[in-house]
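Novice:
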Amino acid sequence: MPDHSVLADLRERVQRLEGKDMRARQVLQFGVPEIDGRLPGGGLALGALHEVAGGGNGAVDGAAAALFAAGIAARTKGKILWCVTRQDLFAPAIAQAGLAPGRVIFVEAGDEKTLLACFEDGLRYGGLGAVVAEVAKLSMTVSRRLQLAAEGSGTLALAVRRWRRQTEAADFGQPTASVTRWRVSVLPSRPLPVPGVGRARWLLELIRSRAGECADFEVEACDGKGRLALPAAVADRSAAPQVARKRATR
Amino acid sequence: MPATKAQALVPGLALLDADPAGDADALDRLAVWALRFSPLVAADQPDGIVVDTTGADHLHGGEEAMLRAIVDRFAAANLEVRVAVADTWGAAHAAARHAGAAMVLVEPGRTEHALARLPLAALRLPGRMRHDLHVLGFSTVGDLAAQPRAPLVQRFGPQLVRRLDQAFGAVSEPIEPVRSADLVEVRRVFGEPIAAPETLRRYVGKLAAELVAELERRAMGARRLDLLFSRVDNRWEAIRIGTAKPERDLRRLTRLLSDRIETIDPGFGVEVMTLAATHAQPLGASQVVSSLVEEPEADVSDLVDLLANRIGERRVYRFAPVASDVPERSVSRVEPMSLDDGASWDDHWPRPSRLLARPERVETMALLPDHPPVWFTWRGQRRRVRRADGPERVFGEWWKREAEATTVRDYFRVEDDAGERFWIFRAGDGEHPETGSHKWYLHGVFG
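Taken in sequence, the protein lines are chains Y and V.
When we follow the numbering used here, the leftmost residue of the first sequence carries the number 279, and every step to the right adds one.
When we follow the numbering used here, the leftmost residue of the second sequence carries the number 5, and every step to the right adds one.
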């Protein structure tokens, strides 16, 4: 099979260009085979920059995106540095996503420039489990710096993209050096047999993944340990037509 | 007034002999205490303290926050204090004593405007000269500043104009900083003034090494370091760094100090460099846990110090739970390196990941007393409530404020058609008017 050897050769050359052996890099698994299977390496790469944004109103409040990031950070080891420009996180919710208050050190930077400097310092430091930063603007140059800092120390970098106005969210289309890019939008919660609000559900879109393919998943929000889950209906493999119909009507 | 007359007027009046020397000593001690606000502090005899806050105010959250902190500290000790921040010692001296407010903040460059209406007494002039000026018809600083200089110098000597210039910043007025006796301090005097950043950095390293050796001898660790540069033009430049726990590591301390060197303006050169640990705590040798047992969690105090010194101590923190059902009060900020007791919040009810700084009014339609709303309008958008959970009743904390004795909030978690989830509450229990206004508010957004 000549084609395969050509492809393998090309892959090897690309890897050499990238400088680091992607296969040797450690990953953080979601614990959901459907998601892990779509990511190169079988999970979220540690020592890399990942972007998360909210969909719809979530682009402004970033409520679901913050919880998604908290859930990922909760499953790493060590302290978490969480950089914000202005604090409006409600800490009990972060604790409910599995991130104990004793593990998170918050940095209230005041402005975007300081925030990015703190973000990079946290990544370069190396002793942290993950660094989360709520940023609005992320240029190619800045994201490249962050990506290199993360690569150097092996720390997981999570950029929660959040904008002042809905219209500015178009910025999310701009290219950056991040390894994956996610969008989290809220969906109606799991129906309960009694009146009430069930476990929250999200539409998780993997918009960009380096050396991987895009995908979207319907998931149930983080539990007390920061783990996502597939809704029961999908786990039983009967919801696929339902999802397809929903997308057709949109 | 004779003492006997005063005693006749106020029964039980306590009389003490004046003790100027004792007062001066007490003021010096107070100045040492005030070192917590800035490295450059001196007693401004007989009744004040002067603090050069340049480059130190950001550690307290800005000038206004710093002033408030000073006022609060004194108020806690039942003392009344007057503080002012201005461009110069003279202006701050005048504003604190004569502006008539407990807290004065003179904006940079507004000194002349702020001083213009103050009486002549604000200029620190001898009583005789003040009287003569008054006779000549001058009553405010502004009157005097508008006059031609030469006749004033001829009539009153150079002191009057010098005081004016000092107040307006035309002439510098250096502060001779106080030092307490048991301070760990090292200094280096240069034969030739130095100014190049690399040279400054090299000597910072040497001073830090000396200081660390001295700290080691005393088994102490520094919590706060002040690095003072005395310039050839008789001005001071200062760097202050703080650490989250007692620190004696040469590499860390040097890095923290070097990080701030670029904020120093050496002018024509630096003659003397002084490095002092103005706040030190005992730090003995401790055993390192063997890695055989389990991987120890990495120590992040180094990073915390770096960030805290760059953006301010108060802006690096952790959240800790407080036993309160009122959401705004259930969270407190603690120091990032404070002991983690593993406490967390009750996990009974889901909490929103974003809490609005202030609950926002929403228009709703809801059945009383305990039904969730059918729809609500927030920020101009009307949403139909599809599902809801609640009410979660939160009672006012009567032990905190009298007005909260009867108040009630009923929290609901609601979900609209699109699946967006919000935390809304009604002020009041839906039945009794004394429990609240029965208006609805949105307090948070769930993820």
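We put the beta carbon where it would ideally sit given N, CA and C, even for glycine.
Small disclaimer: the values here were computed from a predicted structure and weren't measured.
1. Given V/Ser184, which residues of its chain have a CB within under 7 Å of its CB, disregarding the five upstream and five downstream residues?
2. Between the beta-carbon of V/Gly394 and the beta-carbon of V/Thr411, is there less than 7 Å?
3. For the candidate residues V/Gly65, V/Gly26 and V/Ser328, whose alpha-carbon lies nearest to that of V/Phe41?
4. Taking only runs that begin and end inside the region 245-321 of chain V, name each unbroken beta strand (DSSP E) of 3 or more residues, in chain order.
5. Are the region 190-204 of chain V and the region 245-254 of chain V touching, with three or more C-beta to C-beta distances below 8 Å?
6. From Y/Thr433 to Y/Gly476, what distance separates their C-alpha atoms?
7. Could you please give the first and the last residue of the uninterrupted beta strand (DSSP E) stretch that includes V/Gly52?
8. Taking the alpha carbon of V/Ile2 as the reference point, which residue from V/Ala217, V/Arg205 and V/Phe194 has its own alpha carbon closest?
9. Just confirm the distance between the C-beta atoms of V/Val208 and V/Thr267, as a whole number of angstroms; I'd bet it's less than 8 Å.
10. Taking 7 Å as the CB-CB limit, is Y/Lys357 close to chain V?
11. According to DSSP, is V/Glu67 part of a helix, a strand, or is it coil?
12. Thinking just about the alpha-carbon of each residue, which of V/Ala248, V/Ser234 and V/Gln285 is nearest to the one in V/Leu219?
13. For the region 313-320 of chain V against the region 401-410 of chain V, are there 3 or more C-beta pairs whose distance is under 8 Å?
14. Considering only residues of the region 169-257 of chain V, which uninterrupted beta strand (DSSP E) runs meet the minimum length of 3 residues and lie entirely inside it, listed in chain order?
15. If we define contact as Cβ-Cβ less than 7 Å, is V/Ile315 a contact residue for chain Y?
16. Do V/Leu122 and V/His102 have their CB atoms nearer than 7 Å?
17. Out of curiosity, what's the CA-to-CA distance linking V/Met5 and V/Ala118?
18. Against chain Y, with Cβ distances strictly below 7 Å, would V/Trp349 count as a contact?
19. Could you round the C-beta distance between Y/Ser456 and Y/Leu481 to whole angstroms and report it? I think they count as a contact, below 8 Å.
20. Rounded to whole angstroms, what is the Cα-Cα separation between V/His352 and V/Val54?
21. Figure out for me which residue from V/Arg221, V/Trp379 and V/Ala280 has the closest Cα to the Cα of V/Pro43.
22. Roughly how many whole angstroms lie between the Cα atoms of Y/Ala369 and V/Ser336?
23. Which residue comes first and which comes last in the beta strand (DSSP E) that contains Y/Ser421?
24. So what's Y/Gln293 in DSSP terms, helix, strand or just coil?
25. Give a yes or no on whether the minimum CB-CB distance between V/Gly65 and chain Y is below 7 Å.
26. Give me the Cα-Cα distance between Y/Gly451 and V/Gly423, rounded to the nearest whole angstrom.
27. If you scan the region 338-398 of chain Y from start to end, which runs of the alpha helix (DSSP H) of 4 or more residues do you find wholly inside it?
28. Just checking, does the region 320-334 of chain Y make contact with the region 366-381 of chain Y on the three C-beta pairs under 8 Å criterion?
29. Looking at V/Trp444 and V/Ala356, is the spacing between their C-beta atoms short of 7 Å?
30. Against V/Val335, what residues of chain Y qualify as contacts under a CB-to-CB distance less than 9 Å, listed in chain order?
31. Determine the chain Y residues that contact V/Ser143 at a beta-carbon separation under 8 Å, and present them in chain order.
32. Taking 7 Å as the threshold (C-beta atoms), are Y/Val438 and Y/Ala347 in contact?
33. Helix, strand or coil: which one does DSSP assign to V/Val412?
34. Give the single residue among V/Ala392, V/Glu241 and V/Leu359 whose Cα lies nearest to the Cα of V/Ala370.
35. Do Y/Pro318 and Y/Ala507 count as a contact pair if the criterion is CB distance below 7 Å?
36. What does DSSP give as the partner residues of V/His102 in its beta bridges?
Specialist: Let me spell this out:
1. Val36
2. Cβ atoms of V/Gly394 and V/Thr411: not closer than 7 Å.
3. V/Gly65
4. Counting whole runs of 3 or more residues, the region 245-321 of chain V contains the beta strand (DSSP E) stretches 274-286.
5. no
6. 34 Å
7. Unbroken beta strand (DSSP E) run through V/Gly52: Gly52 to Asp56.
8. Since the displayed chain V opens at 5 and closes at 451, residue 2 of chain V lies outside it and no answer follows.
9. With a Cβ gap of about 13 Å, V/Val208 and V/Thr267 do not count as contacting.
10. yes
11. The three-state secondary structure of V/Glu67, taken from DSSP, is helix.
12. Residue nearest to V/Leu219 within the set V/Ala248, V/Ser234 and V/Gln285 is V/Gln285 (criterion: CA-CA distance).
13. no
14. Annotation: the region 169-257 of chain V contains the following complete segments of the beta strand (DSSP E) (minimum length 3 residues), in chain order: 188-198, 224-235 and 240-251.
15. yes
16. yes
17. 35 Å
18. yes
19. Actually they do not touch by this definition, with Cβ atoms about 20 Å apart.
20. Roughly 53 Å separates the two Cα atoms.
21. Checking every option, the nearest Cα to that of V/Pro43 belongs to V/Ala280.
22. 10 Å
23. First-last for Y/Ser421: Met418 to Ser431, but that is the alpha helix (DSSP H), not the beta strand (DSSP E).
24. helix
25. Cβ-Cβ to chain Y under 7 Å: no for V/Gly65.
26. Rounded to the nearest whole angstrom, the CA to CA distance from Y/Gly451 to V/Gly423 is 25 Å.
27. 341-352 and 369-374
28. no
29. A small correction: the amino acid at residue 356 of chain V is Pro; Ala does not occupy that position in the sequence shown. Contact: no.
30. Phe368, Ala369, Pro370 and Pro379
31. Going along chain Y, no residue has its Cβ under 8 Å from V/Ser143, so there is no contact; the nearest lies around 44 Å.
32. For Y/Ala347 and Y/Val438, yes; Cβs fall inside 7 Å.
33. strand
34. The shortest C-alpha separation from V/Ala370 is found at V/Ala392.
35. no
36. V/His102 is not bridged to any residue.
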